[in-house]
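Colleague: Below is a structure I'd like to ask you about.
Protein chains: 2
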Amino acid sequence: LLELKNVKKIYDMGRDIQVEALKGVSFSIEEGSYTAIMGHSGSGKSTLLQIMGCLDRATSGDIIIKGTAVKDMNDFQLAKFRNKTIGFVFQSFNLIGNLTAIENVELPMIYAGVPRAERRKRAMELLKLVGLEEPEERAFHRPNQLSGGQQQRVAIARALANDPAVILADEPTGNLATNQWRRILDIFKRLNESGKTIIIVTHDPLVGQEATRIITLEDGAIIKDERIR
Amino acid sequence: LLELKNVKKIYDMGRDIQVEALKGVSFSIEEGSYTAIMGHSGSGKSTLLQIMGCLDRATSGDIIIKGTAVKDMNDFQLAKFRNKTIGFVFQSFNLIGNLTAIENVELPMIYAGVPRAERRKRAMELLKLVGLEEPEERAFHRPNQLSGGQQQRVAIARALANDPAVILADEPTGNLATNQWRRILDIFKRLNESGKTIIIVTHDPLVGQEATRIITLEDGAIIKDERIR
Ligand SMILES: Nc1ncnc2c1ncn2[C@@H]1O[C@H](COP(=O)(O)OP(=O)(O)OP(=O)(O)O)[C@@H](O)[C@H]1O
Ligand SMILES: Nc1ncnc2c1ncn2[C@@H]1O[C@H](COP(=O)(O)OP(=O)(O)OP(=O)(O)O)[C@@H](O)[C@H]1O
Ligand SMILES: [Mg+2]
Ligand SMILES: [Mg+2]
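Chains as they are written, first to last, in this note's numbering: chain U, 1 to 229; chain L, 1001 to 1229.
Now the structure itself:
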């Protein structure tokens, strides 16, 4: 499904300072797989996930999705592909501050041209699915009127809005207590069983155990790639 | 040191909708203690911590700090007290986007009137203390040029800037891998042994175990208050 070949990411800080966030990463992800990317803070996980999700461009190297090189797509094609195929959960949620929770979940559906009534219905179902407390009411809170874990679950609901084939989640359980993140991981498990490809960045070994493959990063390079069960 | 009596927090959403985030919370915190506040997402932990840290006012009830009722302080006195006595780590870090990491750590010291050279020296020491990678370089990154866990550690360094007597930390380890949060908890342990009062909000039982007392919230009320060892 997705192939990375010698992908590098260098941040240029000016004045001759460069940060090598990714130092030549290569691996492939099979369709329908469940992969966890683990590693210390600063090891390059978010950078890698954003490049895989077409939210950022690699400095060099190849990213090939279903046979097409991402390099050969223009920004418009990339955005369209991303909207339909990829659901991305950001480490810091990236919710729109002046939209309500439910409007945030509807946003990807607006871009995809889903009609109003259908959007609203599906958005509310998703907020209930992720376990948002008192959803009929909290749906109309803005992000700063929600707790950290509630914002996180709204971000997850938004990522699922267009029923994407690939879900990329950056630390999706960091703000949740056990039974609440267990619920989220059960959703990911069900989606994976129905054929979706799941890639989770986490530093929580309990969350990593959900996957059948764990790729470990350190200082921008892959130091371990293990398949389990 | 700190006493809460029947503290309530109600968010008024207009149109007759009210959120009872805290429903009458009472307890006291002894000087030099190490307390963990745990509970599900949405149970009121951040709301409680912000009221304890004088960053927000209760709707009703009393908060008494070292014998003085917070009600009787005006906003200016409250701000001054907060700056000198309380170090607060926010769940979403609240770093200033257009300042560098080191400038963010210096900010509380600027308010406290610490001279420039001393501020810069202490800020760099704190960034090294919390384990920021390549600190001489990363100190000059802005928050969006840092990883999630790096931002979290900068937020912790900032909270320690004025060597406060009370440290209130809202989920301070959520973005860190094991040895990295272990390092943060060792800092808190050392500070506690030197007499500081520590209050950590967490939903991670491993982090909660660091404390000698665990207060558990559910739906805005205390459902358990246990002292361990
Ligand atoms: N500004 C606000 N306006 C309205 N409701 C709010 C506001 N801030 C928080 N709430 C609500 O108050 C309740 C408690 O929120 P709080 O942020 O204290 O929870 P929490 O225990 O810290 O959760 P988490 O673990 O997810 O951070 C939540 O149900 C939330 O929706
Ligand atoms: N915009 C940027 N400019 C410069 N350096 C950056 C930028 N974004 C990230 N970095 C650096 O690149 C490295 C990798 O960052 P990344 O966010 O991918 O780490 P991470 O593994 O996701 O960490 P965490 O677990 O803390 O979220 C870090 O050392 C960080 O300081
Ligand atoms: Mg990250
Ligand atoms: Mg909170």
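In this text, a Cβ means the ideal position worked out from N, Cα and C, and glycines have one as well.
From a predicted model like this one, the values you see are computed outputs, not experimental measurements.
#1: Between U/K23 and ligand 2, is there a pair consisting of the residue's CB and a ligand heavy atom that are separated by less than 6 Å?
#2: Where do the ends of the alpha helix (DSSP H) carrying L/E1136 lie?
#3: Between which two residues does the alpha helix (DSSP H) containing U/T47 stretch?
#4: With DSSP as the reference, label U/E20 as helix, strand or coil.
#5: Are the beta-carbon atoms of L/V1019 and L/A1058 separated by less than 7 Å?
#6: Taking 6 Å as the cut-off, is the CB of L/S1092 close to at least one heavy atom of ligand 4?
#7: In terms of residue numbering, what span does the alpha helix (DSSP H) encompassing L/T1178 cover?
#8: Using a C-beta to C-beta distance shorter than 8 Å, which residues of chain U count as neighbours of L/I1017?
#9: What does U/N175 reach in chain L if we use C-beta pairs closer than 8 Å?
#10: Taking the straight line between their C-alpha atoms, what separation do you get for U/K45 and U/F188?
#11: Would you say U/I29 and U/L1 are within 7 Å of each other, going by their C-beta atoms?
#12: CB of L/V1152 to nearest heavy atom of ligand 1: below 6 Å?
#13: What three-state label does DSSP hand L/V1166 in the structure shown?
#14: Looking at the secondary structure, which residues open and close the beta strand (DSSP E) in which L/L1002 lies?
#15: Measuring only between beta-carbons, confirm whether U/Q180 sits less than 7 Å from chain L.
#16: So, is the C-beta of L/G1087 closer than 7 Å to a C-beta in chain U?
#17: Cβ atoms of U/V130 and U/I156: under 7 Å apart, would you say?
#18: Give me whichever residues DSSP pairs with U/D62 in a beta bridge.
#19: Return the CA-CA distance between U/P172 and L/G1067, expressed in angstroms with no decimal places.
#20: Going by DSSP, what residue range makes up the alpha helix (DSSP H) through U/G149?
#21: Go to U/A101, then tell me how far its alpha helix (DSSP H) extends in each direction, as first and last residue.
#22: How many angstroms separate the CA atom of L/I1215 from the CA atom of U/G149?
#23: List the residues of chain L that U/Y11 touches, going by C-beta distances under 8 Å, in chain order.
#24: For U/Q50, which residues in chain L fall below 8 Å Cβ to Cβ?
#25: Report whether the distance from the Cβ of U/N179 to the nearest heavy atom of ligand 1 is below 6 Å.
#26: If contact means a Cβ-Cβ distance below 8 Å, which residues of the region 110-135 of chain U contact chain L?
#27: Is the shortest distance between the beta-carbon of U/Q150 and the beta-carbons of chain L less than 7 Å?
#28: Looking only at C-alpha atoms, which of U/I17, U/D163 and U/Q209 sits nearest to U/R182?
#29: Nearest to L/I1017 by CA position, among U/E137, U/V89, U/Q77 and U/M109, is which residue?
#30: Who are the neighbours of U/S46 on chain L, taking C-beta pairs under 9 Å?
#31: Taking 7 Å as the cut-off, decide whether the C-beta atoms of U/T212 and U/Y34 are in contact.
#32: To the nearest angstrom, how far is it from the Cα of U/A165 to the Cα of U/R153?
#33: Say yes only if the C-beta of L/T1230 is nearer than 6 Å to one or more non-hydrogen atoms of ligand 1, and no if none qualify.
#34: Run through DSSP, which three-state label would U/V70 get?
#35: With distance defined between alpha-carbon atoms, name the residue in U/G24, U/K196 and U/S41 nearest to U/I86.
Modeller: Looking at the atomic coordinates:
#1: Residue 23 of chain U sits at position 23 when you count from the first residue of the first sequence. Not under cutoff, so the answer is no.
#2: To locate residue 1136 of chain L, count along the second sequence from 1; it is residue 136. Looking at the DSSP string, the run of the alpha helix (DSSP H) that includes L/E1136 is P1135 to R1138.
#3: Translated into the one-based positions of the first sequence, residue 47 of chain U becomes position 47. Its alpha helix (DSSP H) spans residues K45 to M52.
#4: One-based indexing of the first sequence puts residue 20 of chain U at position 20. Strand at U/E20.
#5: Position 19 of the second sequence, counted from the start, is the residue given in the question as residue 1019 of chain L. Position 58 of the second sequence, counted from the start, is the residue given in the question as residue 1058 of chain L. Result no, Cβ atoms of L/V1019 and L/A1058 do not sit closer than 7 Å.
#6: Along the second sequence, read from residue 1 onward, the residue named residue 1092 of chain L stands at position 92. Flag unset: Cβ of L/S1092 not near ligand 4.
#7: Locating residue 1178 of chain L in the second sequence gives position 178, where the first residue counts as 1. Element bounds for L/T1178: T1178 to E1193.
#8: Mapped onto the second sequence, residue 1017 of chain L falls at position 17. What L/I1017 touches in chain U: E137.
#9: For the purposes of this step, residue 175 of chain U is taken as the residue at position 175 of the first sequence. Those are S1041, Q1091, E1171, G1174 and H1203, listed as they occur along chain L.
#10: Against the first sequence, residue 45 of chain U aligns to sequence position 45. Against the first sequence, residue 188 of chain U aligns to sequence position 188. So the alpha carbons of these two residues sit roughly 19 Å apart.
#11: Walking along the first sequence from the start, residue 29 of chain U turns up at place 29. Walking along the first sequence from the start, residue 1 of chain U turns up at place 1. Yes, the Cβ-Cβ distance between U/I29 and U/L1 is below 7 Å.
#12: As a first step, residue 1152 of chain L must be located in the second sequence, where it is residue number 152. Per the sequence presented here, residue 1152 of chain L reads as Gln, with Val not at that position. L/Q1152 Cβ: outside cutoff for every heavy atom of ligand 1.
#13: Within the second sequence, the letter at position 166 stands for residue 1166 of chain L. Correct three-state label for L/V1166: strand.
#14: For the purposes of this step, residue 1002 of chain L is identified with residue 2 of the second sequence, where counting begins at 1. Here the beta strand (DSSP E) through L/L1002 covers L1002 to D1012.
#15: As a position in the first sequence, residue 180 of chain U is number 180, starting the count at 1. It does; some Cβ of chain L falls within 7 Å.
#16: Working through the second sequence from its first residue, we reach residue 1087 of chain L at position 87. By this cut-off, L/G1087 is not an interface position.
#17: Locating residue 156 of chain U in the first sequence gives position 156, counting from the first residue. Locating residue 130 of chain U in the first sequence gives position 130, counting from the first residue. For U/I156 and U/V130, yes; Cβs fall inside 7 Å.
#18: Position 62 of the first sequence, counted from the start, is the residue given in the question as residue 62 of chain U. DSSP output for U/D62 lists U/K5 as bridge partner(s).
#19: Start at 1 with the first residue of the first sequence, and residue 172 of chain U comes out as number 172. Start at 1 with the first residue of the second sequence, and residue 1067 of chain L comes out as number 67. Using only the alpha carbons, I get a separation of about 42 Å.
#20: By one-based count along the first sequence, residue 149 of chain U stands at place 149. It spans G148 to A159 - the alpha helix (DSSP H) in which U/G149 sits, taken as one unbroken run.
#21: Here residue 101 of chain U refers to the residue found at position 101 of the first sequence. A101 to Y111 is the extent of the alpha helix (DSSP H) around U/A101.
#22: The sequence position of residue 1215 of chain L within the second sequence is 215, counting from 1. The sequence position of residue 149 of chain U within the first sequence is 149, counting from 1. Cα to Cα, L/I1215 sits roughly 19 Å from U/G149.
#23: To locate residue 11 of chain U, count along the first sequence from 1; it is residue 11. Those are Q1145, listed as they occur along chain L.
#24: Walking along the first sequence from the start, residue 50 of chain U turns up at place 50. By Cβ distance, chain L contributes nothing, its closest Cβ being about 12 Å from U/Q50, past 8 Å.
#25: The sequence position of residue 179 of chain U within the first sequence is 179, counting from 1. Incorrect: U/N179 has no Cβ contact closer than 6 Å to ligand 1.
#26: E133
#27: If you number the first sequence from 1, residue 150 of chain U lands on position 150. Yes, because at least one Cβ of chain L sits closer than 7 Å to the Cβ of U/Q150.
#28: As a first step, residue 182 of chain U must be located in the first sequence, where it is residue number 182. Comparing Cα positions, the closest option is U/Q209.
#29: Here residue 1017 of chain L refers to the residue found at position 17 of the second sequence. For L/I1017, the nearest C-alpha among the options comes from U/E137.
#30: The residue given as residue 46 of chain U occupies position 46 in the first sequence. Residues of chain L passing the Cβ test: S1147 and G1148.
#31: Residue numbering aside, residue 212 of chain U sits at position 212 when the first sequence is read from its first letter. Residue numbering aside, residue 34 of chain U sits at position 34 when the first sequence is read from its first letter. Result yes, Cβ atoms of U/T212 and U/Y34 sit closer than 7 Å.
#32: Within the first sequence, residue 165 of chain U is the residue found at index 165, counting from 1. Within the first sequence, residue 153 of chain U is the residue found at index 153, counting from 1. Roughly 19 Å between the two C-alpha positions.
#33: Any question about residue 1230 of chain L goes unanswered here, given that chain L covers just 1001 to 1229.
#34: To locate residue 70 of chain U, count along the first sequence from 1; it is residue 70. Residue state, collapsed to three classes: helix.
#35: Taking the first sequence and counting its residues from 1, one reaches residue 86 of chain U at position 86. Selected option, being the one with the closest Cα: U/K196.
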